[in-house]
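Asker: Protein chains in written order, with the UniProt record's numbering: chain A, 1 to 318; chain B, 1 to 318; chain C, 1 to 318; chain D, 1 to 318; chain E, 1 to 318; chain F, 1 to 318.
For each residue, glycine too, the CB sits at the ideal point set by N, CA and C.
Have a look at this one.
There are 6 protein chains.
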Amino acid sequence: MTALVTFGETMLRLSPPRGERLETARELEVQAGGAESNVAVAATRLGGDAAWFSKLPDSPLGRRIVGELRSHGVDTDGVVWTDDARQGVYYLEHGASPRPTNVVYDRADAAVTTLETGETDLDAVRDAEVCYTSGITPALSETLRETTADVLDAAQDAGTTTAFDLNYRTKLWSPEEAAEGYRALLGSVDLLFAAERDAATVLGRDGDAESVARGLAEDYGIETVVVTRGEEGSLAVSGGAVSEQGVYEAETRDAIGTGDAFVGGYLAKHLDGGSVAESLQWASATASLKRTVDGDIAVVNPEDVERVVADEGDGISR
Amino acid sequence: MTALVTFGETMLRLSPPRGERLETARELEVQAGGAESNVAVAATRLGGDAAWFSKLPDSPLGRRIVGELRSHGVDTDGVVWTDDARQGVYYLEHGASPRPTNVVYDRADAAVTTLETGETDLDAVRDAEVCYTSGITPALSETLRETTADVLDAAQDAGTTTAFDLNYRTKLWSPEEAAEGYRALLGSVDLLFAAERDAATVLGRDGDAESVARGLAEDYGIETVVVTRGEEGSLAVSGGAVSEQGVYEAETRDAIGTGDAFVGGYLAKHLDGGSVAESLQWASATASLKRTVDGDIAVVNPEDVERVVADEGDGISR
Amino acid sequence: MTALVTFGETMLRLSPPRGERLETARELEVQAGGAESNVAVAATRLGGDAAWFSKLPDSPLGRRIVGELRSHGVDTDGVVWTDDARQGVYYLEHGASPRPTNVVYDRADAAVTTLETGETDLDAVRDAEVCYTSGITPALSETLRETTADVLDAAQDAGTTTAFDLNYRTKLWSPEEAAEGYRALLGSVDLLFAAERDAATVLGRDGDAESVARGLAEDYGIETVVVTRGEEGSLAVSGGAVSEQGVYEAETRDAIGTGDAFVGGYLAKHLDGGSVAESLQWASATASLKRTVDGDIAVVNPEDVERVVADEGDGISR
Amino acid sequence: MTALVTFGETMLRLSPPRGERLETARELEVQAGGAESNVAVAATRLGGDAAWFSKLPDSPLGRRIVGELRSHGVDTDGVVWTDDARQGVYYLEHGASPRPTNVVYDRADAAVTTLETGETDLDAVRDAEVCYTSGITPALSETLRETTADVLDAAQDAGTTTAFDLNYRTKLWSPEEAAEGYRALLGSVDLLFAAERDAATVLGRDGDAESVARGLAEDYGIETVVVTRGEEGSLAVSGGAVSEQGVYEAETRDAIGTGDAFVGGYLAKHLDGGSVAESLQWASATASLKRTVDGDIAVVNPEDVERVVADEGDGISR
Amino acid sequence: MTALVTFGETMLRLSPPRGERLETARELEVQAGGAESNVAVAATRLGGDAAWFSKLPDSPLGRRIVGELRSHGVDTDGVVWTDDARQGVYYLEHGASPRPTNVVYDRADAAVTTLETGETDLDAVRDAEVCYTSGITPALSETLRETTADVLDAAQDAGTTTAFDLNYRTKLWSPEEAAEGYRALLGSVDLLFAAERDAATVLGRDGDAESVARGLAEDYGIETVVVTRGEEGSLAVSGGAVSEQGVYEAETRDAIGTGDAFVGGYLAKHLDGGSVAESLQWASATASLKRTVDGDIAVVNPEDVERVVADEGDGISR
Amino acid sequence: MTALVTFGETMLRLSPPRGERLETARELEVQAGGAESNVAVAATRLGGDAAWFSKLPDSPLGRRIVGELRSHGVDTDGVVWTDDARQGVYYLEHGASPRPTNVVYDRADAAVTTLETGETDLDAVRDAEVCYTSGITPALSETLRETTADVLDAAQDAGTTTAFDLNYRTKLWSPEEAAEGYRALLGSVDLLFAAERDAATVLGRDGDAESVARGLAEDYGIETVVVTRGEEGSLAVSGGAVSEQGVYEAETRDAIGTGDAFVGGYLAKHLDGGSVAESLQWASATASLKRTVDGDIAVVNPEDVERVVADEGDGISR
Ligand SMILES: [Ca+2]
Ligand SMILES: [Ca+2]
Ligand SMILES: [Ca+2]
Ligand SMILES: [Ca+2]
Ligand SMILES: [Ca+2]
Ligand SMILES: [Ca+2]
Ligand SMILES: [Ca+2]
Ligand SMILES: [Ca+2]
Ligand SMILES: [Ca+2]
Ligand SMILES: [Ca+2]
Ligand SMILES: [Ca+2]
Ligand SMILES: [Ca+2]
Ligand code: NI
Ligand code: NI
Ligand code: NI
Ligand code: NI
Ligand code: NI
Ligand code: NI
Ligand code: NI
Ligand code: NI
Ligand code: NI
Ligand code: NI
Ligand code: NI
Ligand code: NI
Ligand code: NI
Ligand code: NI
Ligand code: NI
Ligand code: NI
Ligand code: NI
Ligand code: NI
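Following this line, the structure appears as structure tokens:
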């Protein structure tokens with residue numbers, strides 16, 4: 001039994017060295033990357049005791065994913081293995097202004113798209129304190145849309161807090177499709193993370209962050225809604241009360257995974273009994289630290305987060 | 001117009017450093033690899049003026065393939081670009097006895113599987129002296145099976161010599177499926193390359209190399225049949241006459257692509273007016289050199305081949 | 001026949017990793033780098049169909065150059081091969097303020113310095129729409145000075161637009177030598193690119209950019225003069241009309257080749273029928289993108305340039 | 001609860017690229033290496049469900065060790081963390097005949113040398129089927145000598161099979177010291193692995209392998225004694241019965257860890273209910289596979305071992 | 001005989017690539033790093049003819065240190081070799097705000113901590129113009145505290161200028177211990193370098209830089225006191241006269257070793273007959289250049305420093 | 001004053017990773033390589049106290065050479081620096097049978113070719129016990145031919161033992177030119193190293209090794225002649241007495257520099273008072289060890305050589 005259970009797709013992330021383009025690359029760095037496993041890793045590293053499940057090919061590539069997640073302490077016992085489907089991949093080309101960072105997805109027909117409810121360990125979900133997935137999961141297949149609904153439902157019924165990040169991806173579905181997908185799930189969500197831009201683009205919620213959060217909380221009966229606003233910081237409405245949090249500025253090496261680190265930091269503090277305001281602060285500090293590290297994953301420790309929160313500066317420690 | 005036109009699938013080849021396994025890899029080396037483009041590269045490098053066509057995603061990954069082939073001088077103007085399909089990939093783990101070299105294919109639904117005859121430039125094929133593909137191509141999709149038949153047919157009708165390598169792949173189809181696939185094509189083939197093992201496994205031809213070659217030549221009306229026997233060398237039956245060729249021993253760095261280098265060396269010499277015996281000798285020398293170089297591709301020059309054929313030794317040249 | 005023909009020297013560029021100095025280097029990255037081939041690559045990548053010719057040693061080093069240029073689609077059939085001269089090299093040490101980027105040339109007696117007019121394919125030049133070289137070429141040898149004059153002359157006589165970038169290099173000749181060299185050629189130039197600083201240092205033209213451009217246009221009868229002013233942007237005078245263009249700001253990885261990317265972008269748009277103003281805009285966008293990529297070469301695509309011109313931002317595309 | 005518990009020191013292994021010497025190295029590859037964790041990893045990867053415990057500094061270096069072991073599925077919950085001691089390191093220079101592979105130990109005062117019995121989780125040991133350590137552990141400190149005795153004792157008392165490998169290291173203690181150390185422990189051992197050379201050098205047992213095994217079994221009341229003889233294979237005496245096993249020849253990349261892989265393969269098969277003969281066969285196959293992989297660790301899967309045992313050849317699998 | 005003799009500890013510096021954390025590292029870059037050898041290297045490279053002595057293990061690791069220092073021209077003949085102690089190491093993780101650069105020391109019981117006065121070549125010290133060490137040396141062991149006092153004493157008695165940098169390290173001793181250590185030595189110092197922060201933290205000197213310098217000069221009878229103030233520049237009081245120097249701004253790659261480069265630049269100019277003001281200027285320029293280069297060591301040449309001092313800009317030199 | 005003085009050309013050696021060809025290389029490894037500095041390094045590392053002089057460009061490339069040689073302890077104070085000539089380079093492509101290792105020289109007009117006698121420090125040569133150069137030096141330029149003669153002459157006149165290796169290079173001069181060059185020098189040689197093949201090809205000496213050695217000794221009045229015969233071992237005739245030495249077999253990583261290591265090992269033992277037979281044995285052992293290390297340079301220590309001579313085996317030392 002773990003305190004946090006997350007599920008979703010984790011891909012191989014393949015990226016050429018900074019300053020090189022994919023179409024001339026000779027070497028690619030390999031990492032595991034996926035929104036929900038990113039959250040599980042961050043939360044586990046920060047003390048949160050997390051599991052992640054998914055469906056993976058029983059191949060060196062699938063084992064490559066599980067090995068990396070386990071190295072950070074994430075429990076992967078719930079992974080479903082198959083001989084009949086492929087491993088999703090994404091190619092990441094680091095940008096530099098005005099050239100954007102470019103992601104080439106090669107995730108169609110990944111094993112996870114065939115994950116059915118009956119294959120999952122719902123008891124682990126029911127025993128957890130928090131169950132998390134993101135809006136990427138239902139976007140991947142019709143099957144996953146059903147599985148996502150079933151899992152969140154089972155969790156909420158069992159008293160597990162359900163957490164969800166909209167995580168809208170334009171390369172996966174249209175705003176209209178996403179809106180429909182989200183609406184089918186939001187009734188089962190207790191803790192929602194929503195980027196201001198996603199709320200506007202997909203759900204048509206355009207006001208200030210607080211009114212967006214209040215609106216979502218009310219319309220879908222969500223206990224806590226956290227709205228993130230990029231460099232403007234974040235805001236939570238929980239049981240009617242508002243908490244605000246600024247960003248910690250970072251020298252950015254790799255922005256991928258920032259949002260997942262934010263959620264992971266939030267959940268770690270939340271599981272540790274932190275208040276909404278304290279959890280937001282950990283979320284923000286973890287997100288900032290993530291940006292200093294290559295890869296999807298927030299390779300951080302509790303001391304790192306505490307140091308940022310305490311604002312102890314960033315000179316050389318010796 | 002080029003002297004040789006080849007077509008088929010070319011994949012990204014991703015491989016960890018020697019001594020590392022895929023499931024713990026952090027870095028992958030990238031190359032373009034595909035039987036028919038390997039042949040085109042070897043033939044072009046050895047003076048043969050070749051083109052290769054296929055269907056590729058209009059993405060950095062597809063452009064990555066074309067860039068590498070062009071760097072060796074191969075004409076890629078006939079490539080069909082699409083926004084609707086993916087780039088095939090194969091993962092290569094270098095083995096060391098008793099651990100076999102392992103190939104993990106991720107080529108399902110690659111763009112090339114949708115290549116229809118109508119998309120190809122049959123005039124380029126008709127204008128060429130030789131048109132080459134291998135048994136991998138019809139194994140990839142029903143569409144490709146038809147396209148392969150159409151192209152070989154059009155070539156032969158126009159007086160272009162059609163060349164074909166059985167290239168049986170157990171991970172693509174069963175021996176029975178392959179047998180059916182081959183039989184539908186062999187009537188359109190003028191020059192056949194057949195590994196002794198493929199001829200046995202798929203076509204049930206079990207005698208000595210010469211009788212296998214004679215049998216295939218007669219049964220399918222093939223002008224020249226080259227049977228390769230691994231370390232035993234190779235043998236050709238052409239117009240009834242037999243030529244034999246031993247292997248040149250090599251210190252093997254990377255065995256992938258050896259067979260394609262053999263065909264490429266053969267065709268280069270053939271296009272240059274070489275006899276069957278001379279072409280076999282170039283084939284064998286090119287195959288041997290390929291084994292000393294990392295990657296699918298035979299990065300060789302005519303002087304390299306001439307030196308091997310002349311048996312000038314392999315000390316340090318300074 | 002290609003729309004654009006460029007000629008000049010292309011060197012091996014050898015550079016240690018960023019943060020390391022040449023005198024302690026253990027590894028050097030290898031690239032092909034040369035002003036005129038940089039222009040050919042940028043123009044070809046952006047749709048311009050270009051060739052480049054030069055004289056190279058018939059060695060692995062010479063073939064290394066040609067292989068890289070061909071990978072980007074540049075036609076190198078006009079290259080003259082020799083067994084009697086060396087490959088030019090330049091060593092590049094990336095700087096960081098206050099340490100300047102340092103270039104160590106080792107290009108004396110490179111094969112290209114012996115390229116005579118009689119060895120070149122003047123018909124390819126006469127058939128092209130544009131023929132380009134830069135002020136580096138006549139600086140390399142007396143022979144090249146004559147060849148440059150002959151080629152530009154032949155081009156202009158045949159109605160091919162002749163394009164030229166002053167490209168003054170202090171390590172190659174003095175301002176006085178350069179002035180004499182330029183003056184011998186400018187009468188044969190239809191489209192001139194001149195850095196404001198070169199125009200001042202070498203040609204003693206000190207006024208504002210517009211008056212410099214008008215002065216050069218009038219004094220040498222040049223149809224279009226483009227003056228580049230670093231971060232101040234660029235300005236063209238063409239048929240008396242003035243066009244101005246700002247720079248697109250870039251996060252610079254590698255500034256080498258910025259000017260060549262500018263010319264390549266200009267020519268690509270020009271060959272596509274763009275106006276002077278549109279060509280300047282593509283020039284500026286291509287130059288900006290170049291700075292984000294390691295190496296001399298602008299590894300860019302038309303969509304990249306269009307995106308910069310449309311100012312679509314530089315976040316993560318996923 | 002895990003089926004196998006191992007304990008001992010795991011060091012950072014730092015090694016320059018093959019062909020480079022330590023004293024000119026600029027880059028070192030990092031791995032976790034330790035006899036007992038090597039055994040745990042091999043056994044876990046082969047299905048054996050293992051834990052490893054030790055004492056590590058609560059630092060990035062200590063966490064580096066645990067992360068790598070966890071990635072292979074080893075349970076590290078029993079690790080004792082300290083702020084007061086250092087991480088052991090060993091530097092490995094790959095040899096090539098006649099230059100030996102050289103190991104430079106820097107393990108004095110490592111955290112593990114202070115591990116006391118009271119800090120360990122003896123219940124986990126008592127609940128396991130097998131408890132393993134090697135002769136390196138008692139060689140590291142007086143404290144560890146006592147802890148080793150206590151743990152083996154507690155295990156044996158609880159009915160857990162105690163397994164031990166002599167693993168004599170000349171750089172840690174003299175043959176006389178080792179003999180004394182071993183004798184204090186062998187009475188608590190149920191399953192002994194002894195290299196023929198160690199038995200001779202340290203314990204003065206010089207006869208043929210069978211008589212060495214029988215002698216050790218009788219003198220110390222050990223149920224099963226496995227004697228390994230390098231290229232000569234191995235031999236076990238168990239309950240009086242003898243089993244023999246040859247080596248599987250390997251193309252060796254890295255011989256470090258071969259003995260540990262042997263033990264890991266043996267224990268995995270043993271835990272799975274295999275006979276002594278079957279366990280020896282798995283031991284030998286795992287050892288052979290280890291030699292093909294860089295690093296201390298046998299990155300192997302059950303299918304790999306089965307393939308070697310079935311002698312299916314080592315060509316390319318595609 | 002060399003003009004400058006320095007002594008102290010030099011460690012192996014092991015650091016993962018920028019953006020990677022120690023606890024997930026697979027590769028570490030290796031360098032020699034130590035305050036006093038950093039000073040010797042900088043001074044030698046800038047023309048100052050320096051020696052460095054210490055005590056090192058007679059192993060590949062100790063030889064690795066000496067080899068790197070010698071490559072820069074430092075005389076290492078005074079090094080004492082031992083078979084009985086280890087090589088100190090430090091692990092360096094590059095930070096990015098808000099994540100600090102982190103140093104993990106593994107230097108306890110390094111060979112140098114056993115260096116006794118009787119093992120050193122005091123004649124070399126007496127013959128030198130300047131003898132330098134830093135506050136790190138006496139912090140390392142009781143033995144070294146005595147040796148440091150003896151050497152500085154012998155130097156001063158012989159008329160050699162003694163130079164000392166406080167170099168307070170929180171991971172080595174407390175402010176109180178350091179204060180006691182410094183006070184035992186300052187009476188033997190002729191030229192003191194003190195970071196403003198160290199003077200405040202350890203010696204309780206809190207006023208402006210000038211008063212700190214004057215106070216230290218008077219209280220300990222030090223001829224010249226240089227106070228460094230980070231980005232605020234530096235100030236020297238020498239014989240009552242004050243000199244001030246600003247910093248040269250740098251694009252920082254690696255801040256480690258900045259202070260040592262400052263001292264090295266100062267001493268090089270001083271040995272060349274420069275005034276205090278000129279020496280400060282070289283100090284500042286050398287420090288600035290150091291920051292642009294990876295590693296502890298200022299890989300700089302006199303021309304680099306002269307260029308910075310002359311403020312010649314930092315474009316591309318070609 | 002050093003015991004051994006060597007002089008000649010040292011180049012930058014640039015080589016792609018094993019298995020890659022020069023014409024597709026993206027990265028080159030950098031080393032210093034030159035016959036006479038290779039000898040100086042080997043001799044110094046083995047205790048022989050050596051200097052090397054030459055003429056180098058005062059550039060990062062020239063300093064790169066000197067830095068590497070100094071790192072091994074070679075005295076480079078005699079190097080002559082110039083602003084007017086280039087650094088020689090050689091490109092090395094590792095072969096694998098049947099593809100030979102290929103060397104591409106780019107050494108024409110290197111600074112060393114202008115080294116005149118008047119620029120050298122003849123006193124250092126006269127003070128040395130041994131002065132060494134090889135047949136490459138006079139092959140490089142007319143100037144060097146004279147300088148070589150002058151230096152050997154001055155050495156011999158002063159009682160310094162002059163040592164010389166024929167080192168015939170087909171890419172530098174014809175056998176006839178070499179024969180003339182050698183004959184002009186051999187009268188000044190006291191200790192000659194001659195590969196059997198060079199003696200035959202250039203000097204037309206075809207008999208068995210002993211008669212070749214005796215013939216050369218007599219015809220040119222050479223005290224000691226060492227004839228090397230590749231895998232057949234070596235033979236010396238000194239004062240009429242014959243010594244023979246077999247080769248120590250090696251697992252070859254890099255054969256370049258084997259002959260220089262042989263000479264370096266010989267001279268180190270000779271300077272240490274060894275007999276001809278002992279010196280031959282060290283020569284052979286050093287040559288064998290060199291082959292196990294990447295690069296031109298024998299990174300060896302006296303213990304390594306002693307171990308080979310004592311034939312202590314090549315297992316793992318731990
Ligand atoms: Ca790069
Ligand atoms: Ca990285
Ligand atoms: Ca590699
Ligand atoms: Ca590796
Ligand atoms: Ca790498
Ligand atoms: Ca580096
Ligand atoms: Ca490398
Ligand atoms: Ca290397
Ligand atoms: Ca590296
Ligand atoms: Ca990396
Ligand atoms: Ca490679
Ligand atoms: Ca690299
Ligand atoms: Ni990256
Ligand atoms: Ni790289
Ligand atoms: Ni890397
Ligand atoms: Ni590979
Ligand atoms: Ni690598
Ligand atoms: Ni670079
Ligand atoms: Ni590197
Ligand atoms: Ni790189
Ligand atoms: Ni290794
Ligand atoms: Ni390397
Ligand atoms: Ni490397
Ligand atoms: Ni590596
Ligand atoms: Ni670094
Ligand atoms: Ni690497
Ligand atoms: Ni590196
Ligand atoms: Ni190499
Ligand atoms: Ni590499
Ligand atoms: Ni690389």
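What separation, rounded to the nearest whole angstrom, lies between the Cα atoms of C:Ser288 and C:Leu122?
Answerer: So the alpha carbons of these two residues sit roughly 34 angstroms apart.
Asker: Beta carbon of E:Ala51, beta carbon of E:Ala40: below 8 angstroms?
Answerer: Contact flag set, yes.
Asker: What residues from chain A crowd round C:Ala42, counting only those whose CB sits closer than 8 angstroms?
Answerer: Per Cβ cutoff of 8 angstroms: no residues; C:Ala42 is ~14 angstroms from chain A at best.
Asker: Please compile the residues from chain A whose C-beta is within a distance smaller than 8 angstroms of the C-beta of E:Ser97.
Answerer: By Cβ distance, chain A contributes Glu249, Ala250, Glu251, Thr292 and Asp314.
Asker: Considering just the uninterrupted stretch of the beta strand (DSSP E) at A:Trp52, what are its terminal residues?
Answerer: Residues Ala50 to Phe53.
Asker: CB B:Pro57 to CB B:Arg13, shorter than 8 angstroms?
Answerer: No. Outside cutoff.
Asker: Name the DSSP bridge partner or partners of E:Arg13?
Answerer: Paired residues: E:Gln31 and E:Tyr90.
Asker: How many angstroms separate the CA atom of C:Ser54 from the CA atom of B:Val189?
Answerer: Their backbone Cα atoms lie some 42 angstroms apart in a straight line.
Asker: For E:Gly295 and C:Thr258, I'd like the C-alpha separation in whole angstroms.
Answerer: Computed Cα separation, rounded: 30 angstroms.
Asker: Can you check whether the C-beta of D:Glu23 is within less than 8 angstroms of a C-beta belonging to chain F?
Answerer: Interface residue, yes.
Asker: So what does DSSP say about E:Val189, is it helix, strand or coil?
Answerer: Here E:Val189 sits in coil by DSSP.
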